[in-house]
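Everything in the sequence shown is counted per our numbering, starting at 2 for the first residue and increasing by one.
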Amino acid sequence: MNSMLDFRIRKLHPKMQEYVYLGTKVGLFNNLNIERVVSRLERVEIGINNNMNSYAHTLPIRIEDENGNYVSKGINIDINKDKVDSKIRQGLFYFEDEILFHEFSHAVNGIYEEWFEKLMLGYDVDEKFISTSPIKEDMIKNLSSNPEFRQIKYAGILLDDFVSQTIAQKMINYKYERNIYPDRERIFELSEPPIKCNCSLNGCWQFENVAKKFIESMYGVCDVDQFCIDAIDKGIINKIFSKYMKRKRGFIDLYKILGYMGNVSFSVISKNLDEYTKATDRDMAARNPKKLFHSIKELNGILDKNAEIEKVKMGFGAF
């Protein structure tokens with residue numbers, strides 16, 4: 002680490018300095034990505050908002066440019082200190098660290114930057130697919146008209162939250178020298194029938210099994226650490242597209258994967274959405290338990306197939 006970068010790190014918020022230190026210790030931050038991590042953290046402002054329903058919230062700070070477009074000039078992380086302190090009093094001594102490290106991980110990862118910071122759920126997934134392969138525009142229009150894929154823009158929530166919580170928990174386990182997050186049997190009750198799963202994530206555990214299957218479809222093995230490292234790169238979305246575009250039917254498979262992922266995300270967060278946003282799921286593809294189970298079943302099938310494709314290629318650990 003050069004002296005200038007070290008100087009910049011020392012100017013960060015003390016918890017951000019600790020975050021950088023722990024990230025290097027657990028092997029996620031390295032000489033290839035540490036400058037990006039620091040640059041992203043330099044854009045973060047931390048505030049207190051005890052009126053939120055959640056423990057914390059990360060949102061872009063937007064300004065209007067000379068052309069009338071809203072652009073991000075930074076990231077604001079609000080912490081509900083009252084709720085966090087309540088958890089600490091209950092014995093969760095690590096909880097403030099978990100919350101902060103999770104939110105910092107939103108700020109530094111490329112999924113959040115590309116999918117949310119720039120456009121904040123205005124991310125035009127269809128446009129991304131069309132730009133990747135313009136000759137398939139009619140195919141995309143056909144897929145996008147399918148109610149099953151209407152919530153495709155919410156797919157990024159699943160991957161972003163999985164990466165952010167995974168990074169946070171790795172740091173917590175290292176800092177406190179114990180496994181604070183053992184595997185637990187959980188029941189995903191939003192689907193019918195309910196789905197039993199073993200999960201180690203404390204927050205967003207509903208996304209864990211799907212995210213791990215997606216990772217296996219990328220590498221042929223479930224290399225979570227490698228995916229988290231790759232996700233720190235600004236180009237992670239392009240890498241995902243590039244990976245799938247090289248496969249037979251990869252174009253269609255990726256669209257369906259993101260569409261079904263969007264249903265899972267939407268089902269989990271819908272309790273916090275206003276009625277107008279919920280109404281976008283007018284066919285109930287995400288909120289009807291039986292339809293959601295269908296989405297998860299179809300999603301798992303496509304991911305398993307692509308994992309086998311990658312295993313045959315033996316392309317482990319790299320895009």
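Beta carbons are placed, not taken as given, at the ideal position from N, Cα and C, and that holds for glycine. Just so you know, these numbers come straight off a predicted model, no measurement behind them.
Residue burial classification, residue i (beta-carbon count within 10 angstroms, cutoff 16)
| i | result |
| --- | --- |
| residue 314 | exposed |
| residue 155 | buried |
| residue 135 | exposed |
| residue 152 | buried |
| residue 41 | buried |
| residue 323 | What the structure shows of the chain is the stretch from 2 to 320, and residue 323 is not part of that stretch, so it cannot be assessed. |
| residue 117 | buried |
| residue 79 | buried |
| residue 99 | buried |
| residue 183 | exposed |
| residue 170 | buried |
| residue 207 | buried |
| residue 61 | buried |
| residue 5 | exposed |
| residue 319 | Note that residue 319 scores a pLDDT of 44, beneath 50, so its modelled location is shaky; the value from the coordinates is reported in the next line. Classification for residue 319: exposed. |
| residue 298 | exposed |
| residue 139 | exposed |
| residue 188 | exposed |
| residue 52 | exposed |
| residue 106 | buried |
| residue 244 | buried |
| residue 17 | buried |
| residue 164 | buried |
| residue 89 | exposed |
| residue 149 | buried |
| residue 161 | buried |
| residue 228 | buried |
| residue 104 | buried |
| residue 260 | buried |
| residue 324 | Residue 324 is absent from the model: the chain starts at 2 and stops at 320. |
| residue 121 | Because residue 121 carries a pLDDT of 49, less than 50, the predicted location of this residue cannot be relied on, and no value is offered for it. |
| residue 252 | buried |
Any non-hydrogen atom of the ligand FAD within 7 Å of residue i CB
| i | result |
| --- | --- |
| residue 59 | The ligand FAD is absent from the structure shown, which contains no ligands of any kind. |
Whole-angstrom C-beta distance between residue j and residue i, which should lie under 8 Å
| i | j | result |
| --- | --- | --- |
| residue 268 | residue 248 | Wrong, their Cβ atoms sit about 28 Å apart, outside the cutoff. |
| residue 219 | residue 311 | 7 Å |
| residue 112 | residue 75 | Incorrect: roughly 18 Å between the Cβ atoms, too far for contact. |
| residue 181 | residue 29 | The pair is not a contact, with the Cβ atoms about 17 Å apart (cut-off 8 Å). |
| residue 204 | residue 166 | 5 Å |
| residue 144 | residue 290 | About 24 Å; that fails the 8 Å criterion. |
| residue 110 | residue 214 | Residue 110 to residue 214, Cβ: 19 Å. No contact. |
| residue 21 | residue 39 | 7 Å |
| residue 210 | residue 200 | 7 Å |
| residue 77 | residue 48 | 6 Å |
| residue 264 | residue 293 | 6 Å |
| residue 241 | residue 115 | Between residue 115 and residue 241 the Cβ distance is about 10 Å, and since that is not below 8 Å, they are no contact. |
| residue 119 | residue 55 | In fact, because the Cβ distance is near 22 Å, the residues do not count as touching under 8 Å. |
| residue 102 | residue 256 | With a Cβ gap of about 33 Å, residue 102 and residue 256 do not count as contacting. |
| residue 175 | residue 26 | 6 Å |
| residue 217 | residue 308 | 4 Å |
| residue 172 | residue 23 | 4 Å |
| residue 342 | residue 266 | Coverage of the chain is limited to positions 2 through 320, which leaves residue 342 absent and any answer about it impossible. |
| residue 9 | residue 43 | 7 Å |
| residue 396 | residue 141 | What the structure shows of the chain is the stretch from 2 to 320, and residue 396 is not part of that stretch, so it cannot be assessed. |
Residues sharing a beta bridge with residue i, DSSP
| i | result |
| --- | --- |
| residue 59 | 78 |
| residue 220 | DSSP, once it has assigned bridges, lists no residue as partnering residue 220. |
| residue 198 | 187 |
| residue 1 | Because the chain here runs from 2 to 320, residue 1 falls outside it and cannot be looked at. |
| residue 64 | 72 |
Just checking, does the region 34 to 51 make contact with the region 64 to 72 on the three C-beta pairs under 8 Å criterion? no
Going along the chain, which unbroken runs of the alpha helix (DSSP H) with 4 or more residues stay wholly within the region 105 to 132? none
Can you give, in chain order, each stretch of the beta strand (DSSP E) that sits fully within the region 234 to 267 and has at least 3 residues? none
Please list the segments of the beta strand (DSSP E) lying wholly inside the region 6 to 32, counting only runs of 3 or more residues, in order along the chain. none
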